[in-house]
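Asks: Keeping their order, the protein sequence lines are chains A, B, C and D.
The numbers in our numbering rise by one with no breaks, and the one at position 51 of the first sequence is 51.
The numbers in our numbering rise by one with no breaks, and the one at position 58 of the second sequence is 58.
The numbers in our numbering rise by one with no breaks, and the one at position 404 of the third sequence is 404.
The numbers in our numbering rise by one with no breaks, and the one at position 49 of the fourth sequence is 49.
We treat Cβ as the ideally placed atom computed from N, Cα and C, and that holds for glycine.
Here the structure is a predicted model, which is why all the values come from computation and not from measurement.
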Amino acid sequence: MDDLYRENIIDHYRHPRNKGHLEDPDIHYHDVNPFCGDEITIELKLDGDRIAKAVFDGKGCAISQAAASMLTEELEGMTLEEVKHLDKQFILDMLGIPIGPVRLKCALLSLKVLKAGVYGLDEWPE
Amino acid sequence: MDDLYRENIIDHYRHPRNKGHLEDPDIHYHDVNPFCGDEITIELKLDGDRIAKAVFDGKGCAISQAAASMLTEELEGMTLEEVKHLDKQFILDMLGIPIGPVRLKCALLSLKVLKAGVYGLDEWPE
Amino acid sequence: MTLPQSFKASAIMPTVAEIRKDFPILEQQVHGHPLAYLDSTASSQKPIQVIEAMNRYYRTTHANVHRGVHYLSEAATTAYENARLNIARFINAPSPKQIIYTRNTTESLNLVAYSWGRANLGPGDEVLITEMEHHSNIVPWQLICEITGATLRYVPITSRGELDMEALDSLLTEKIRVFAFTAMSNVLGTINPVEELVARAHAVGAIAVVDGAQSVPHLPTDVQAMDMDFLAFSSHKMLGPTGMGILYGKRELLEAMPPFMGGGDMIREVKMEGSRWNELPYKFEAGTPAIAEAVGLSAAVDYLRGIGMDWIADHERRITAYAWERLSEVEGLRILGPGPERRGGLISFVLGDVHPHDVAAILDMDGIAVRAGHHCAQPIHDHYCIPATTRASFYIYNTEEEVDRLVMALYKAKAMFDL
Amino acid sequence: MTLPQSFKASAIMPTVAEIRKDFPILEQQVHGHPLAYLDSTASSQKPIQVIEAMNRYYRTTHANVHRGVHYLSEAATTAYENARLNIARFINAPSPKQIIYTRNTTESLNLVAYSWGRANLGPGDEVLITEMEHHSNIVPWQLICEITGATLRYVPITSRGELDMEALDSLLTEKIRVFAFTAMSNVLGTINPVEELVARAHAVGAIAVVDGAQSVPHLPTDVQAMDMDFLAFSSHKMLGPTGMGILYGKRELLEAMPPFMGGGDMIREVKMEGSRWNELPYKFEAGTPAIAEAVGLSAAVDYLRGIGMDWIADHERRITAYAWERLSEVEGLRILGPGPERRGGLISFVLGDVHPHDVAAILDMDGIAVRAGHHCAQPIHDHYCIPATTRASFYIYNTEEEVDRLVMALYKAKAMFDL
Ligand SMILES: Cc1ncc(COP(=O)(O)O)c(C=O)c1O
Ligand SMILES: Cc1ncc(COP(=O)(O)O)c(C=O)c1O
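1) Under the criterion of a Cβ to heavy atom distance below 7 Å, does Ser-234(D) qualify as lining ligand 1?
2) Among His-66(D), Pro-220(D), Phe-23(D), which residue has its Cα nearest to the Cα of Pro-289(D)?
3) Touching or not, the stretch 128-137 of chain C and the stretch 174-186 of chain C, by the rule of three or more beta carbon pairs under 8 Å?
4) Around the C-beta of His-12(A), are 16 or more other C-beta atoms found within 10 angstroms, so that it is buried, or is it exposed?
5) Measure from the alpha carbon of Glu-273(C) to the alpha carbon of each residue in Val-350(D), Leu-152(D), Ala-300(D), then state which is nearest.
6) Since Arg-103(A) meets chain C, which of its residues come closer than 9 Å, beta carbon to beta carbon?
7) Determine the contact status of Trp-116(D) and Leu-336(D), defining contact as a CB-CB distance below 8 Å.
8) Are the CB atoms of Ala-286(C) and Gly-249(C) nearer to each other than 8 Å?
9) Report yes or no: do the stretch 46-64 of chain C and the stretch 93-100 of chain D share at least 3 C-beta pairs separated by less than 8 Å?
10) Looking only at its chain, what residues have a beta carbon closer than 7 Å to the beta carbon of Gly-161(C), apart from the 5 residues adjacent to it on each side?
11) Determine, for Gly-352(D), whether the minimum Cβ-Cβ distance to residues of chain B falls below 8 Å.
12) What does a CB cutoff of less than 6 Å around Ser-69(A) pick up in its chain, not counting 5 residues either side in sequence?
13) First and last residue of the beta strand (DSSP E) that includes Ile-267(D)?
14) Grab the span of the beta strand (DSSP E) containing Leu-231(C) for me, first residue to last.
15) Between Ala-107(B) and chain G, is there a C-beta pair that is closer than 8 Å?
16) Going by beta-carbon coordinates alone, are Val-69(D) and His-357(C) separated by less than 8 Å?
17) Just the C-alpha distance for Leu-163(D) and Val-112(D), rounded to the nearest angstrom, thanks.
18) Please list, in chain order, the chain C residues whose beta carbon lies closer than 7 Å to that of Lys-112(A).
19) Check whether chain B comes within 8 Å of His-374(D), counting only Cβ atoms and requiring the distance to be less than that.
20) Would you mind stating whether Ala-392(D) and Leu-351(D) have Cβ atoms separated by less than 8 Å?
21) Quick check: is the beta carbon of Gly-249(C) nearer than 8 Å to any beta carbon in chain B?
22) On the CB-based measure, 16 or more other CB atoms within 10 Å of its CB, does Asp-229(C) come out buried or exposed?
23) Any heavy atom of ligand 2 closer than 7 Å to the beta-carbon of Gly-337(D)?
24) Specify the secondary structure class of Ala-54(B) as computed by DSSP and reduced to three states.
25) Output, in sequence order along the chain, the residues in the stretch 43-66 of chain A whose CB is closer than 9 Å to any CB in chain C.
26) Is the beta carbon of Ser-328(D) closer than 8 Å to that of Thr-389(D)?
27) Closest to Leu-168(D) by CA distance: which of Pro-193(D), Thr-61(D), Ala-300(D) is it?
28) Please compile the residues from chain C whose C-beta is within a distance smaller than 8 Å of the C-beta of Gly-37(A).
29) Just checking: is the beta-carbon of Arg-67(D) within a distance shorter than 8 Å of some beta-carbon in chain A?
30) With three or more C-beta pairs closer than 8 Å as the rule, is the stretch 207-223 of chain D touching the stretch 22-35 of chain C?
31) Under a Cβ-count criterion, where at least 16 other Cβ atoms within 10 Å of its own Cβ denotes burial, should Pro-98(A) be classed as buried or exposed?
32) Do Leu-22(A) and Glu-43(A) have their beta-carbon atoms positioned less than 8 Å apart in this structure?
33) Looking at the C-beta of Arg-103(C), does it have a partner C-beta in chain D at a distance below 8 Å?
34) Is it the case that the CB of Ala-372(C) approaches a heavy atom of ligand 2 more closely than 7 Å?
35) Quick one: which residues of the stretch 392-419 of chain D get their C-beta closer than 7 Å to a C-beta of chain B? List them in chain order.
See the structure below:
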């Protein structure tokens with residue numbers, strides 16, 4: 001149990017970083033996990049092909065929301081090319097907890113939304 | 001095996017009675033057993049509400065064709081009211097052999113066609 | 001019709017302890033705790049009598065049905081059709097011909113919407129459903145309204161989580177051709193007044209389609225007494241196997257409907273120029289059916305009958321009342337839907353601002369299986385402006401001790417989220 | 001992927017005697033004779049490995065899939081999705097997303113006809129099928145042509161019971177939008193040149209829909225090598241349970257198709273105003289699926305893989321060649337379809353003027369199970385101007401000794417009918 005809800009996950013869930021909206025985002029994408037209804041919106045402000053600012057908004061479980069919060073922290077300064085190479089393992093390492101097959105979709109939702117927004121690939125990251 | 005194909009069944013199958021068509025039948029009905037494709041046509045010539053002449057035509061197994069042949073022999077002289085009361089047991093007694101649930105439909109096909117022709121009831125006799 | 005093993009000898013009231021012996025899966029440990037399976041509304045577990053009936057079928061009886069004259073095929077056909085008769089009797093259908101085998105409730109409802117709907121709906125017509133429907137009783141009607149040009153309307157619910165009967169009155173006009181509603185909500189637990197709703201539909205000349213997915217497993221059902229036009233339910237929610245559902249329909253309605261799918265067994269004659277349909281129920285059963293599953297559902301029906309639907313309804317009322325009381329004591333926990341006296345054996349709730357998935361995941365660590373999510377009923381969640389709920393549901397094998405464990409684990413979840 | 005018990009240790013070629021030990025039903029006596037099951041084309045028997053996989057699933061793993069976060073639901077979801085992956089690999093599908101679970105071949109073909117057909121067919125378009133199709137690959141196309149105004153055409157067959165390739169050439173015009181054909185006839189036994197037929201369809205811009213009900217259980221299948229657009233097959237004919245079928249489709253075709261049935265799991269969002277579809281394969285899987293059946297089919301696929309599809313095709317060729325020879329010696333017996341070198345493991349025949357039902361009933365008295373009737377393929381019987389045939393079919397567990405018994409019993413039937 002302690003494994004599943006480590007303190008930093010509860011912390012990101014209770015005190016999300018970069019939550020909100022941008023005035024005039026360059027990239028904006030929203031999606032829903034059809035199996036549970038969790039929602040994530042991601043907005044990016046670019047500086048060339050580099051991410052200047054990343055924010056999210058959403059509703060859902062601690063896993064999906066904490067993952068989105070953590071992800072936005074990682075994104076600042078990344079290039080769009082680098083975003084393409086983010087994968088499932090990146091998210092799992094970031095969360096640092098074991099995740100079963102169903103909740104995996106919660107964990108990956110923000111990355112899915114990010115990739116769909118950045119280069120239109122509407123797929124669960126592998 | 002002898003039980004299933006008694007001599008009189010083979011005899012009626014090989015030498016069907018009343019097989020053919022009438023010039024100008026009063027009642028004429030055709031149907032198919034959807035589960036096996038057996039076909040029976042029954043034609044009746046009436047004298048008032050009494051059956052003056054009954055013939056059949058058809059294709060199918062020994063059970064369905066012998067039953068039709070035997071049935072036409074029984075019909076002559078019967079009233080249409082009497083036809084209404086003919087049931088499954090009547091056919092089984094007439095054939096005199098045990099019949100499993102699937103081939104029962106073969107045995108009953110001619111009676112079904114007869115009843116549909118006489119009073120429009122499109123049902124397997126009970 | 002054999003009674004479940006355990007009760008044959010005694011012929012007295014079953015006890016939950018006896019019943020549990022028939023469910024091998026319940027003996028399991030999950031994350032080091034005994035499994036408390038509180039998710040039967042999603043799918044029930046199966047007693048050994050059902051598992052063994054299918055096992056026996058495959059080991060001794062299997063062949064394709066209907067078209068074979070050999071021994072096994074006749075035996076399989078007999079087993080398959082006897083199952084239909086047994087299921088017909090269970091809901092008091094006038095004839096087994098009115099029992100159509102489908103995959104699940106969802107397919108049963110699609111069959112009605114497509115086949116009856118396409119033949120009977122057009123622009124100007126209205127279809128009435130309710131805000132508390134499962135997606136399976138919403139989406140088929142959305143699709144068929146789009147195809148036919150009919151209009152879809154929803155009966156709203158009251159703050160108590162019951163159908164708004166006054167709103168129903170004004171919605172139920174002569175334009176309504178079909179009123180489709182659930183007999184029991186899988187989120188609110190609300191037991192709807194089926195007889196009255198059917199009568200109101202009939203009063204304006206509409207047919208009544210009843211989603212019995214949650215009622216048939218838990219309450220006595222009499223399609224004739226309730227005068228339903230169609231009733232849909234699933235085997236897997238009533239102790240039977242997956243892959244099997246039932247559509248009951250009134251004879252004259254089924255007779256008049258065009259077929260749904262085309263293929264083997266549903267036709268009387270296939271010529272290259274066209275085909276003639278087979279009689280009921282085969283007209284609606286295309287291709288090789290779920291034979292072993294029919295045998296399994298029949299064994300499930302025997303089992304339910306052996307326990308008695310009245311005992312089942314009573315047991316669930318008792319345990320739900322207890323759970324209601326215990327859950328009401330948990331501060332910050334909000335129960336959706338009507339009070340315990342008007343509901344079936346399930347309770348959906350929200351625990352403060354903890355997301356239901358997190359609640360369910362935390363309960364799971366203590367071996368307690370509950371559902372979390374929108375339970376395929378988004379509109380009712382939209383109504384309450386919540387994305388999801390946690391749902392604990394009860395069936396014949398559940399105990400008050402399991403309810404106690406549920407409550408204890410909820411306190412743990414609260415602590416973890418500083419609630 | 002576990003190998004069938006019997007072959008794990010040895011890792012040498014299986015023998016039929018070893019295989020038969022896995023099929024408890026074959027040990028049976030019928031009317032005082034050992035059962036000779038020569039009816040696998042209608043439905044195959046199941047090895048204990050398949051029966052036990054489902055048994056185990058219900059005793060240890062069952063819960064509803066996809067929407068649950070508790071232990072059992074995750075375990076059931078994993079089992080269910082691993083089965084999909086295993087089935088995808090068995091036919092070399094690029095991705096498990098392209099494997100849609102249905103009830104049977106019939107539903108798979110209806111899904112394509114309704115969903116792809118409604119979106120892509122209209123007046124002036126033509127649908128091409130063949131004269132040797134099963135009703136399941138005829139009636140759905142008749143229905144969809146009626147709905148859309150498209151025209152249905154049939155490829156005739158030659159006197160040898162093969163597709164008339166010249167006629168095909170002239171029929172395959174640019175008007176043809178879809179060419180649907182069986183990979184193997186369930187009456188003639190004809191194995192059609194799938195790759196060539198697919199290529200010809202593609203050459204005129206049509207899609208190729210392959211009815212694999214008889215090929216997938218008996219021959220190696222590679223959907224990519226053969227470039228099929230859609231492939232339909234049934235679990236119950238390939239050692240798996242009833243109530244389960246598969247539709248494989250090319251990704252871009254499936255993506256572009258509207259859903260077939262509406263309900264739980266096939267939607268992404270349901271609002272009262274309308275719905276958004278889920279991704280593949282869930283878009284086409286409405287309601288609680290046949291979970292145990294997926295697990296069972298996966299075990300069947302393991303079993304087939306363990307034996308090897310090449311061994312199976314070889315074994316059937318051998319036994320069919322033997323049966324062909326023995327049956328050809330029976331005076332007055334006429335075999336339909338091509339010679340043994342071009343056919344799968346079945347032989348349909350007519351015995352003088354004895355009706356096939358009578359033949360089958362007489363064989364049954366000796367414990368020999370064969371099919372009689374039109375085998376849901378009336379047009380091909382109309383072509384030969386016969387109402388029905390008797391069909392003996394062979395699978396992994398059949399022996400030459402059973403063929404000998406078949407021939408002996410046919411002589412008895414001849415005697416009984418004075419032939
Ligand atoms: C060639 C062919 N197509 C389709 C089918 C239909 O299969 P099912 O009844 O499993 O839907 C069969 C089964 O007899 C068949 O042999
Ligand atoms: C009220 C209600 N209707 C319909 C369904 C759909 O049942 P199935 O998934 O078996 O088709 C359910 C199952 O969750 C339900 O609770």
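Replies: On the basis of the data shown:
1) yes
2) His-66(D)
3) yes
4) buried
5) Leu-152(D)
6) His-357, Ala-361
7) no
8) no
9) no
10) Leu-188, Thr-190, Leu-336, Gly-337, Pro-338
11) no
12) His-12, Pro-16, Arg-17
13) 267-271
14) 230-234
15) Structure shown: chain G not included; protein chains present are A, B, C and D.
16) yes
17) 23 Å
18) Chain C residues near Lys-112(A): none, gap ~17 Å exceeds 7 Å.
19) yes
20) no
21) no
22) buried
23) no
24) strand
25) Lys-59, Gly-60, Cys-61, Ala-62, Ile-63, Ser-64, Gln-65
26) no
27) Pro-193(D)
28) Gly-373, His-374, Gln-378, His-381, Pro-387, Ala-388
29) yes
30) no
31) exposed
32) yes
33) yes
34) no
35) Met-416, Phe-417
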